[in-house]
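In what follows, a single structure is set out as structure tokens and then discussed.
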Amino acid sequence: MKTIVINLPDRKDRIQTFNANNPNLEYEVFSAVEGYKINYAKLLSEGFDTDHNWIDPILNTPLTKGEVGCFLSHWHIWNKCIEKNEPIIVLEDDAILTDKFDVEEISKLKYDFVYLGWKEMDKSEKIDDKFSKPVYPYWTLAYMIRPEAARVLVNDVIKCNIIPVDEYLPTKMPEIKVAGYKENVVEPVSREDGGSDVLAKSRYDYFLDFKTHAVTVATDKTKALKLFESAKAKDSTIINIGKNIQWEGGVMEAGKGGGHKINLVKEYIADKKDSDVLVFFDGYDTFLSESIEEITYRFMEFSERAIFSSERFCWPDEGLATELKAKNNTQETPYQYLNSGTYVARIGELKRIFEEHIPNDGDDQLYVQKQHLTGKYDIACDVEGYIFTCYEPQIEVRNGQLFNPVTGCYTCAYHGNGGEKQKVWMSKVYNHYYGFNYIPTRKYEVLSPDILLIDFMSKDMCEDMISLAEEKTFRIMEGDKVPSQDLRLKEFGQWEKLEKHWNEIVYEIVWEYWHPCHMWGLRDAFLIKYEMDKQRELRVHNDASLVTGSVKLNDDYTGGLLEFPRQKITNKDIPVGKCLLFPGQVTHGHLSSKLESGTKYSLTIWSSRYEGDIN
């Protein structure tokens, strides 16, 4: 009788342990199906599906990638048994044969399926002193299978409901002549020695047996660029179900409205599987800080089938505050009031939640809040900001992630819900997280010999940079021979994007105009601040730079002109966001004239003078 040992290709260590534990056994290795390499689309393409309602009865967890791989591995072996038309002993690579393991005895047994090592989950039926008839057995550690049993197990019915093989086999016991040794003749290695390649070690080990649809409603796509750009940065796709749609949801900036969003979502999900998941984002004031896949995995950690974001304020009906807070009082956080601007849910549950009519100009948030309060729906609020964080003035970038210090959670999406103040703050947070997007143009204008003008930053971007900078401290740099109130971009967390833009875009302009000038990258970059009661001007000087870039960040001041005395040029008429490029040394001495009113901000960029010249 042939013996087959199931082993994952990348777990040769387990085969070595198996050989050490079972030194005299002859066997054939079956290369196990690597569940972590199978996504849901691939599973469907191979003719399988899963039981979407299955939950582990002991751990209360969904199907794992390892369990899918394990099931398919056994399924292939059962087919092999049918193909060869002979019985097979099947062992997993954590099996240890006892001295009672006897191949000859096993081969003579008249049963179609015999458990050699198993765990009794429900009282079995006695056959004789040596064997029992399993009723609810666990483990596929070791068994003997004949073609008669294999044919039952590979019946097409399994192709629509994969569950863990431990759970599948008991469902087939009534159809199979089955027995199990009362005293196991095969035992598993201890968890400490072998561990498990099937159980989940983290949320990423769960098998996503559904499709996740990420959508937004952006009838004006230009207002949703941050959402789409952030999705692209996170290798995610968001479908705009508001494309080419005439908005009928009212003027959201003026108050209540947004029912049209719900109706568009209802239309979109009408023909989608109930087991699929939908992630929704308000388009104009939301951006991603993690991928859609990460959002999906975090959603899987909730037991509820619909998760809505939560905010600090009860809007639009303050009269619901007490009820909503009571509904979400499981954790003490400031976010106790359901917000409908971002959510993730099983589509089947969304169909139920959105079943009642809402006019296009009705208020979407009020509608969902009232549905939540009925208690009829499986809704939870993300009161920790674990997936979605609504407007939070303390939000920060930490370890390359968006961190909510109020709850101690790294969040996946930020929603700047509220008025203009909140949306401005959202824009600041976005720029802080992703860095500023400089204008990628290679066109330039020659203002005078060796002074070029290029498009560099948008006005909004300049305002955001000033706003973020004001949260830091401007100071005079130690050893500065021409001192000014500076804030270096390296300290500001905005260096990388600028460096990339300079090396990839500005370099080409410099090469074309000053050819054969060579560039060695960025040396330094810093904001300079001029104030009436502090530094108001800067004397004539040259820069420690091969090529300097100077950007006017604001224009709500008087005086304070950037002047080139030798070239008789100033930046008086240069628009905010434009960048002047000029040689930093010898030929282009420059100054900042005395500030007469207001506060002046400028961005100065220095390129390296030679290789390794970095400040």
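Numbering-wise, my numbering puts 758 at position 608 of the sequence shown, and it's gapless, one number per residue. Yeah, the Cβ is synthetic: ideal placement off N, Cα and C, and Gly gets one too. The model shown is predicted, which means the values in this text are computed figures rather than measured ones.
Query	Result
Nearest-angstrom beta carbon gap, Y527 and E499 [assumed within contact, 8 Å]	7 Å
Beta-carbon proximity of F586 to C531, cut-off 8 Å	no
Coarse secondary structure for E473, derived from DSSP in three states	helix
Inter-residue CB distance, I156 and S223 (contact presumed, cutoff 8 Å)	5 Å
Start-end ranges of the beta strand (DSSP E) lying completely within the segment 399 to 435, minimum 3 residues	427 to 432
Length of the line joining the Cα atoms of G629 and T708	29 Å
Backbone secondary structure at W664 - three-state DSSP	helix
CB of N704 within 8 Å of CB of L711, strictly	no
Candidates K152, D160, K406, of which the one nearest Y517 by Cα	K406
N- and C-terminal bounds of the alpha helix (DSSP H) containing I277	Element bounds for I277: n/a, residue is neither H nor E.
Given H522 as reference, the closest of E337, P633, I503 once Cα atoms are compared	I503
Integer Cβ distance of I312 from F263, believed to fall under 8 Å	Contact doesn't hold; Cβ gap of about 19 Å is too wide.
V637 - DSSP class collapsed to helix/strand/coil	One point to set straight first is that residue 637 is Leu, not Val, in the sequence displayed. In the structure shown, L637 sits in a strand (DSSP, three-state: E or B).
Spatial distance of V533 from F431 (CA atoms)	17 Å
Limits of the unbroken beta strand (DSSP E) element including L552	551 to 554
Span of the alpha helix (DSSP H), counted from its first residue to its last, around T539	From DSSP, T539 is part of no alpha helix (DSSP H) but of the beta strand (DSSP E) over 538 to 540.
Cut-off 7 Å between Cβ atoms - residues of its own chain near L637, not counting five sequence neighbours on either side	A619, K622, F624, F676, L677
Endpoints, alpha helix (DSSP H) assigned at F714	It is not in any alpha helix (DSSP H) - F714 instead sits in the beta strand (DSSP E) that spans 712 to 714.
Stretch pair the segment 180 to 194 + the segment 345 to 364: three plus CB contacts closer than 8 Å	yes
Whole-number beta carbon distance between K361 and D424, since they are thought to touch under 8 Å	Their Cβ separation, rounded to whole angstroms, is 12 Å, which puts D424 and K361 out of contact at 8 Å.
Spatial neighbours of K578 in its chain, beta-carbon cut-off 7 Å, leaving aside the 5 residues before and after	D614, S617, L618
Assigned exposure category for K679 - 16 Cβ within 10 Å defines buried	buried
P284 classed as buried or exposed, judged by whether at least 16 other C-beta atoms fall within 10 angstroms	buried
For M294: DSSP bridge partner residues	I239, V264
R592 versus I604: straight-line alpha-carbon distance, rounded	8 Å
Buried or exposed by the 16-neighbour rule on C-beta atoms within 10 Å, applied to I626	exposed
Residue of V183, I589, K152 minimising C-alpha distance to V253	K152
CA-to-CA distance, R296 to W268, given in whole angstroms	18 Å
Inter-residue spacing [alpha-carbon to alpha-carbon] between D610 and A456	36 Å
From Y493, T483, R462, residue whose alpha carbon lies closest to that of L107	Limits of the chain in this structure are 151 at one end and 765 at the other, which puts residue 107 out of reach.
Nearest-angstrom Cα separation, counted from C562 out to L470	28 Å
Meets three-Cβ-pair contact criterion under 8 Å: the segment 434 to 449 and the segment 462 to 476	no
Coarse secondary structure for P324, derived from DSSP in three states	helix
beta-carbon L247 near the ligand ATP non-hydrogen atom, thresh 7 Å	The ligand ATP is not among the ligands present in this structure, which contains no ligands whatsoever.
Best match in N229, P237, D279 for proximity to R768 [C-alpha to C-alpha]	Look at the range of the chain in this structure, 151 to 765, and you will see that residue 768 is not part of it.
Residue of Y751, K520, G408, I445 minimising C-alpha distance to Y434	G408
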